[in-house]
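Heads up: the sequence shown is residues 3 to 444, going by my numbering. Every residue, glycine too, gets a C-beta built ideally from N, C-alpha and C. Predicted model only: the values in this text are computed from it and were never measured.
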Amino acid sequence: MGFIREFIDKYIKGNEMFSRFVNIFSVDVLVRGANLLLIPVFLYLMTKHEFGIYNYLYSFALTAAGILNFGFYVALAKLYADTIDNKDKQSSMIFTITSSLIVLLGLSLIIIYFTKADIYFFNYSMKNNLDQINTSIYLSYRTFIFIAIISTVFTNFLTFFFVSSENIPNLQRFNISRLILSNGTAILILYYSSSDTVMMRLAITYGAELLLTIVFGRFIVRRFIPKFNIYYLKKAFKLGTPIMVAAIVGIMVNFGDKFFVMKYAGVNEFADYSLAMLLATIIVIIFQSFNFVWLPLFFKEKDLITLKRKTRRYTIIMFLALMGIGILIFIGVWIALKIKIIPPTYSEGILILLPILLLAQVFAALIGLYINYMTYFEKTYILVFVGIIISFIGYFLFDYLSKTYLSVGAAIALLILNILTFIFYYTRTEYYINNRLRDKNS
């Protein structure tokens, strides 16, 4: 008990960071976490095969959006902090980055649509698939995949705007609206409709989110000074391009596990894997809530010794807290299976996969904590080199372990890759901090 009391006194009582985190956690995490509480509803409204296909298409759209955001959300967070003392420059910066993202995303989707690059990719990903799923499935959903990509890009960008401006009330309203309009409407339509559940869920969920992004986008527009500044566009590309390139070379990590599970195990086992991954995502959601609070303070802090000390402290706190939450998630899922809140058809797969994926997500969260430093030091190009190395290792790991152990092999491969990536970013961060302090003192 003495250890717990000492821990609370040292890290929690009077801690501004903790109090702000609780403020966001009370709505942000709980609202977004409510999406996960709705998973059992969708499991009963969709067959296991449909659930597997939906999540594969969702993962595909999420991966594409991670590339087509051009890393501008990172640039927005960094440049917002840099222009905090000059509102005119800040407004010009916001206008420049936002308008550029709209134009670049629009042009990219037009090029992809007419060159059919997405179709070729999906055709390749489905080559030699165990269930012989062909490209016609993707073609029937293609329009809604594009809507999902657009919605995901701007939802992420708008979220980072609210975070950077510390406009937490509107972030909370935005997330609550997404929960009610997107998921609530999707559940009602799926319940009363006998149409294709995959198509209906894609169309309703992402159509509603895109509409909400437009509505809440007015808060960005209000901050505009319609003055295009090429300097901020160059800075956005300098910070964002490595993020985008890293997303491209990181496809093997972000999408590779899904690709090889679908290839070697088929749709039904992929449904188990994707359900376990969705549940493990709770870990990342909690970290993102913490990071939303941390980022504005992180970029404002100029004392590297203080920053280093705080980061180490939060690394320990986050690791212990997320491990504890992971154990609670596993127990909760086990109970949900026993009382059949989750259909029994999923029980055999997810109870084996879940512990591995939960641990993998804990390390993914810690990676995010240290990737912040790459932006702080304007060394985002490092992400490209790391992505290339990890993707190269990942291809052989995913291929061998998935072929041998199917979805469990993919989960183990993902865990190994996340541990390796964390070790690299931790050591690289230490190197940059020590170098900067050495230069400052010399």
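Secondary structure of LEU1, DSSP reduced to three states = In the structure displayed, the chain extends from 3 to 444; residue 1 sits before or after that span and is not available.
Residues near LYS310 in its chain [Cβ-Cβ closer than 7 Å; skip 5 each side] | As a first step, residue 310 is located in the sequence shown; it is residue number 308 there, counting from the start. Counting only Cβ-Cβ distances below 7 Å, and skipping sequence neighbours, we find ILE435.
When we look at the beta-carbon of TYR46 and count the other beta-carbons within 10 Å, is it buried (16 or more) or exposed?
-> As a working mapping, residue 46 is identified with position 44 in the sequence shown. Exposed.
Measure the alpha-carbon distance for ILE170 versus TYR115 and round it to whole angstroms.
-> Counting from 1 along the sequence shown, the entry for residue 170 is found at position 168. Counting from 1 along the sequence shown, the entry for residue 115 is found at position 113. The straight-line gap from Cα to Cα measures roughly 36 Å.
Mind the definition here: the region 147-155 touches the region 207-217 only if three or more C-beta pairs lie below 8 Å; say whether that holds.
-> yes
Specify the secondary structure class of PRO357 as computed by DSSP and reduced to three states.
-> On the sequence shown, position 355 is the one that residue 357 refers to. In the structure shown, PRO357 sits in a helix (DSSP, three-state: H, G or I).
Does DSSP put LYS229 in a helix, in a strand, or in coil?
-> For the purposes of this step, residue 229 is identified with residue 227 of the sequence shown, where counting begins at 1. In this structure, LYS229 counts as coil in the three-state DSSP scheme.
Leaving out five residues on either side along the sequence, give the residues of the same chain with a beta carbon under 7 Å from the beta carbon of PHE148.
-> Position 146 of the sequence shown, counted from the first residue, corresponds to residue 148. Around PHE148: LEU111.
Could you spell out the range, first to last residue, of the alpha helix (DSSP H) harbouring THR308?
-> Your numbering for residue 308 matches position 306 in the sequence shown. That run of the alpha helix (DSSP H) goes 306-340.
Span of the alpha helix (DSSP H), counted from its first residue to its last, around ILE114 | Position 112 of the sequence shown holds residue 114. Unbroken alpha helix (DSSP H) run through ILE114: 89-117.
Quick one: is PHE230 buried, meaning 16 or more other Cβ sit within 10 Å of its Cβ, or exposed?
-> Here residue 230 refers to the residue found at position 228 of the sequence shown. So PHE230 ends up on the exposed side.
Under the assumption that THR377 contacts VAL105 (Cβ atoms under 8 Å), give the Cβ distance between them as a whole number of angstroms.
-> Counting from 1 along the sequence shown, the entry for residue 377 is found at position 375. Counting from 1 along the sequence shown, the entry for residue 105 is found at position 103. Contact doesn't hold; Cβ gap of about 23 Å is too wide.
Cβ separation of TRP336 and LEU361, assumed to be a contact under 8 Å, to the nearest whole Å = Here residue 336 is taken as the residue at index 334 of the sequence shown, counted from 1. Here residue 361 is taken as the residue at index 359 of the sequence shown, counted from 1. 17 Å between Cβ atoms; not a contact.
I think PHE221 touches ASN172, with their Cβ atoms under 8 Å apart; what is that distance to the nearest whole Å?
-> The residue given as residue 221 occupies position 219 in the sequence shown. The residue given as residue 172 occupies position 170 in the sequence shown. The pair is a contact, with the Cβ atoms about 6 Å apart (cut-off 8 Å).
Would you grab the beta carbon distance between LYS50 and ASN293 for me? Rounded to a whole angstrom, and I think it's under 8 Å.
-> Counting from one through the sequence shown, the residue named residue 50 turns up at place 48. Counting from one through the sequence shown, the residue named residue 293 turns up at place 291. Actually they are not in contact, since the Cβ atoms of LYS50 and ASN293 sit about 34 Å apart, beyond 8 Å.
Compute the Euclidean distance between the alpha carbons of PHE386 and PRO244, then round it to the nearest angstrom.
-> Taking the sequence shown and counting its residues from 1, the one referred to as residue 386 is at position 384. Taking the sequence shown and counting its residues from 1, the one referred to as residue 244 is at position 242. For the sequence presented, residue 386 should be read as Val rather than Phe. Cα-Cα distance, rounded: 6 Å.
Spatial distance of ILE14 from THR347 (CA atoms) | If you number the sequence shown from 1, residue 14 lands on position 12. If you number the sequence shown from 1, residue 347 lands on position 345. Note that ILE14 scores 49 on pLDDT, short of 50, meaning its location in the model is unreliable; the coordinates nonetheless yield the value given after this. Approximately 42 Å, taken between the alpha carbons.
Identify whether GLU380 lies in helix, strand or coil by the three-state DSSP scheme.
-> Counting from one through the sequence shown, the residue named residue 380 turns up at place 378. Reduced to three states, the DSSP call for GLU380 is coil.
Taking C-alpha atoms, which residue in VAL200, GLY396, GLY326 lies nearest to PHE44?
-> Position 42 of the sequence shown holds residue 44. Cα-wise, what sits closest to PHE44 is VAL200.
8 Å Cβ cutoff met for THR431 and TYR372 = The residue labelled residue 431 in the question sits at position 429 within the sequence shown. The residue labelled residue 372 in the question sits at position 370 within the sequence shown. Result yes, Cβ atoms of THR431 and TYR372 sit closer than 8 Å.
ASP274 classed as buried or exposed, judged by whether at least 16 other C-beta atoms fall within 10 angstroms | Working through the sequence shown from its first residue, we reach residue 274 at position 272. Burial call: buried.
DSSP three-state call for ARG144: helix, strand or coil?
-> The sequence position of residue 144 within the sequence shown is 142, counting from 1. DSSP places ARG144 in helix when its eight states are reduced to three.
Out of SER93, ASN185, ASN256, point me to the one whose CA is closest to LEU419's CA.
-> Position 417 of the sequence shown, counting from 1, holds the residue named residue 419. Residue ASN256 is the option with its Cα nearest to LEU419.
In three-state DSSP terms, what is PRO345?
-> Position 343 of the sequence shown, counting from 1, holds the residue named residue 345. In the structure shown, PRO345 sits in coil (DSSP, three-state: anything other than H, G, I, E or B).
For SER409, three-class secondary structure by DSSP | Within the sequence shown, residue 409 is the residue found at index 407, counting from 1. Looking at SER409 - three-state DSSP - the assignment turns out to be helix.
Taking the alpha carbon of LYS448 as the point to measure from, which residue in TYR407, ASN88, THR423 has its own alpha carbon closest?
-> Because the chain is modelled from 3 through 444, residue 448 falls outside the range shown and cannot be assessed.
State buried or exposed for LEU439, treating a residue as buried only when at least 16 other CB atoms are found within 10 Å of its CB.
-> The residue given as residue 439 occupies position 437 in the sequence shown. That one is exposed.
From ILE208 to ALA119, what does the alpha carbon distance come to, in whole angstroms?
-> For the purposes of this step, residue 208 is taken as the residue at position 206 of the sequence shown. For the purposes of this step, residue 119 is taken as the residue at position 117 of the sequence shown. Looking at the sequence shown, residue 208 is not Ile but Tyr. Using only the alpha carbons, I get a separation of about 22 Å.
CB-CB under 6 Å to LEU399, same chain, minus the five flanking residues each way: which ones, in chain order?
-> Counted from its first residue, the sequence shown places residue 399 at position 397. ALA415, listed in sequence order.
What span of residues does the alpha helix (DSSP H) with GLU211 cover, start to end?
-> For the purposes of this step, residue 211 is taken as residue 209 along the sequence shown, with counting starting at 1. Segment 199-218, the alpha helix (DSSP H) holding GLU211.
Buried versus exposed call for ASN57 [16 or more other C-beta atoms within 10 Å across all chains shown] | Counted from its first residue, the sequence shown places residue 57 at position 55. So ASN57 ends up on the buried side.
Rounded C-beta distance between LEU181 and GLU380? I'm assuming under 8 Å.
-> Numbered from 1 along the sequence shown, position 179 holds the residue referred to as residue 181. Numbered from 1 along the sequence shown, position 378 holds the residue referred to as residue 380. Going by Cβ atoms, the distance from LEU181 to GLU380 rounds to 36 Å, so no, they are not a contact pair.
Selection from PHE124, ILE329, ASN88, ILE99 that minimises the alpha carbon distance to LEU356 = As a first step, residue 356 is located in the sequence shown; it is residue number 354 there, counting from the start. Considering only alpha carbons, the answer is ILE329.
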